[in-house]
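So for the sequence shown, the UniProt record's numbering puts the first residue at 1; every next one is plus one.
Idealized CB from N, CA, C, for every residue including glycine.
Heads up: the structure comes next, in structure tokens.
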Amino acid sequence: MSVQCTQRLQKEYRMILKDPVPYIRAVPRTSNILEWHYVITGPENSPYHNGLYHGKLVFPKDYPFKPPAISMFTPSGRFQTNTRLCLSMSDFHPELFNPAWSVASILTGLLSFMLESTPTTGSIESSDETKRQLALESAAVNLKQPLFCELFPELVEEIKAKAAAAAAAAETSSSSSSAPSTENPANNAPASPDNKPVAAGAGAASPARKNNRSAKHDPPTFLSNAVAAMLIGVFAAIVYCVLQTSV
1 MSVQCTQRLQ KEYRMILKDP VPYIRAVPRT SNILEWHYVI TGPENSPYHN
51 GLYHGKLVFP KDYPFKPPAI SMFTPSGRFQ TNTRLCLSMS DFHPELFNPA
101 WSVASILTGL LSFMLESTPT TGSIESSDET KRQLALESAA VNLKQPLFCE
151 LFPELVEEIK AKAAAAAAAA ETSSSSSSAP STENPANNAP ASPDNKPVAA
201 GAGAASPARK NNRSAKHDPP TFLSNAVAAM LIGVFAAIVY CVLQTSV
């Protein structure tokens, strides 16, 4: 590995720490500066919204004159997992690579390409619904990967906090929906003995009002099956991650 390559990658890491790239986190392995890991957060108004996509860049020893190999581990519905991607800034096209490009610009280009539908080697096709479902499951998937937990501990804590908050909100909503209700005693007043019409609010409630009151206390469904499955998956993954890191 050349001194120029090492110095360049060290400089780029300092730049990323000082000026983070929107939607992107990237860190080199402490044991090998040529191997970088990244996490892309799915942007708003995209089917990847709130998804966390973990992947890897492997730089050649003569970087920045040659491009890195790029791959993604987390299922996204856009790329095959654990597969080198053919992009203008990847090792598939060294003749197109610009030495002025950096880790930040490479990953920004990857995100831009991810939001498109252009096919390439390593890409796949899927519906937006599939992409949204995979985004929902991505946190639990990543927590099962020891390397993700090791390199991105701050994301692990964020995932745990969000899962705990969602579970607490669901528990609170469920408890409030099952609490006994109190009705206005006036609604239970007996009918007028002379069979005269009873004024509204003074006698028995009309069928419409009864129906409304009954519907009002029906316990609603607060979590869709997908969200419930996500919470279960996240908690299972947290346990797995803790066990792996304690070994």
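Tell me which same chain residues have a C-beta within less than 6 angstroms of the C-beta of residue i, skipping the five on either side of it?
i	result
Leu34	Phe59
Glu12	Ser102 and Val103
Ser51	Reading the sequence as shown, one finds Gly at residue 51 and not Ser. Closer than 6 angstroms at Cβ, skipping near neighbours: Gly42, Ala135 and Ser138.
Ala69	Val58, Arg84 and Asp91
Asp19	none
With a CB to CB cut of under 7 angstroms and the five nearest residues on each side skipped, what residues in its chain are close to residue i?
i	result
Ser88	Leu96
Gln80	Gly122 and Ile124
Phe222	Any answer about Phe222 is weak, because its pLDDT of 42 lies below 50 and its placement is not dependable; what the coordinates show is given next. If we look at Phe222 and ignore the five residues flanking it on each side, its Cβ neighbours are Ala170, Ser173 and Ser174.
Residues bridged to residue i by DSSP?
i	result
Ala26	Tyr38
Ser46	Bridge partners of Ser46: none, in fact.
Phe79	Ser123
Asn98	Paired residue(s): none; Asn98 is not in a bridge.
Using the Cα positions of residue i and residue j, report the straight-line distance between them to the nearest angstrom.
i	j	result
Ser90	Ala166	39 angstroms
Leu17	Leu107	15 angstroms
Leu9	Ser76	28 angstroms
Cys86	Leu110	10 angstroms
Thr118	Pro94	20 angstroms
Ala26	Ser176	43 angstroms
Pro22	Met1	30 angstroms
Lys144	Ser31	22 angstroms
Leu155	Phe113	24 angstroms
Met15	Thr6	14 angstroms
Phe152	Ser71	17 angstroms
Lys216	Ser174	The predicted position of Lys216 is uncertain, since its pLDDT is 44 and thus under 50; no value can be drawn from it.
Ala164	Thr120	39 angstroms
Asn82	Gly55	8 angstroms
Arg29	Glu157	20 angstroms
residue 263	Glu171	Given a span of 1 to 247 for the chain in the structure shown, any question on residue 263 remains unanswerable.
Pro146	Ala161	19 angstroms
Over what stretch of residues does the beta strand (DSSP E) that includes residue i continue unbroken?
i	result
Gly55	Leu52 to Val58
Ala69	Ala69 to Met72
Using the Cβ count rule (16 or more neighbours within 10 Å means buried), how would you classify residue i?
i	result
Phe73	buried
Asn45	exposed
Ala168	exposed
Asn142	buried
Ala140	buried
Val39	buried
Lys61	exposed
Gln133	buried
Phe148	buried
Near residue i, what residues of its chain come up, given a Cβ to Cβ distance below 8 angstroms and the 5 sequence neighbours on each side ignored?
i	result
Leu115	Pro43, Ser46 and Tyr48
Taking residue i as part of the alpha helix (DSSP H), name the residues at either end of that continuous run.
i	result
Asn142	Asp128 to Leu143
Phe148	Pro146 to Leu151
Ile124	Taken as a continuous stretch (DSSP letters only), Ile124 belongs to no alpha helix (DSSP H), as it is neither H nor E.
Lys61	First-last for Lys61: undefined, no H or E at that position.
residue 254	Beyond the ends of the chain as shown, which are 1 and 247, falls residue 254; an answer cannot be given.
Met15	Val3 to Lys18
Give a yes or no on whether 8 angstroms exceeds the smallest Cβ distance from residue i to chain D.
i	result
Lys144	Protein chains in the displayed structure number just one, and chain D is not present.
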